[in-house]
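Letter by letter, the sequence shown follows residues 677 to 778 of my numbering.
Beta carbons: idealized from backbone N, C-alpha and C, even for Gly.
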Amino acid sequence: MTEPELQPERPHVKYPFEFDGRWVLRYHIPYTVEHEGRAHRIVATIFAKPAVHGRIQVSSEDGPGVEYDDLTPGDVVEITGDRWRVAEVDYRTRVVLERASA
């Protein structure tokens, strides 16, 4: 009888949609992120007037939500303890976030 093969532990990925330090939040598509045992829902909305800008809403079922409004490239937001810099805001398409240095 042989010993069962050990399965390598799968790393926990906090942001499953992040790729190469960038996270593309699609317009009105809810994202769920697990952090410290709680699920957080993130939704991006993009507006055209007075100029193109975005809003990111972060909510969880057991706590007050956070809303970032009037987002344009260069703004920094904090989502579940991590800092992100707004890289792009494309009207009715997406908000692109990049990892921000501390």
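Under the 8 angstroms Cβ criterion, the region 735 to 743 does not count as touching the region 758 to 773, having fewer than three qualifying pairs. In the three-state reduction of the DSSP assignment, residue 705 falls in the coil class.
In terms of Cβ geometry, residue 701 and residue 719 form a close pair [threshold 9 angstroms]. At least 9 angstroms separates the beta-carbon of residue 732 from that of residue 703. Here the C-alpha atom of residue 714 lies approximately 10 angstroms from the C-alpha atom of residue 735.
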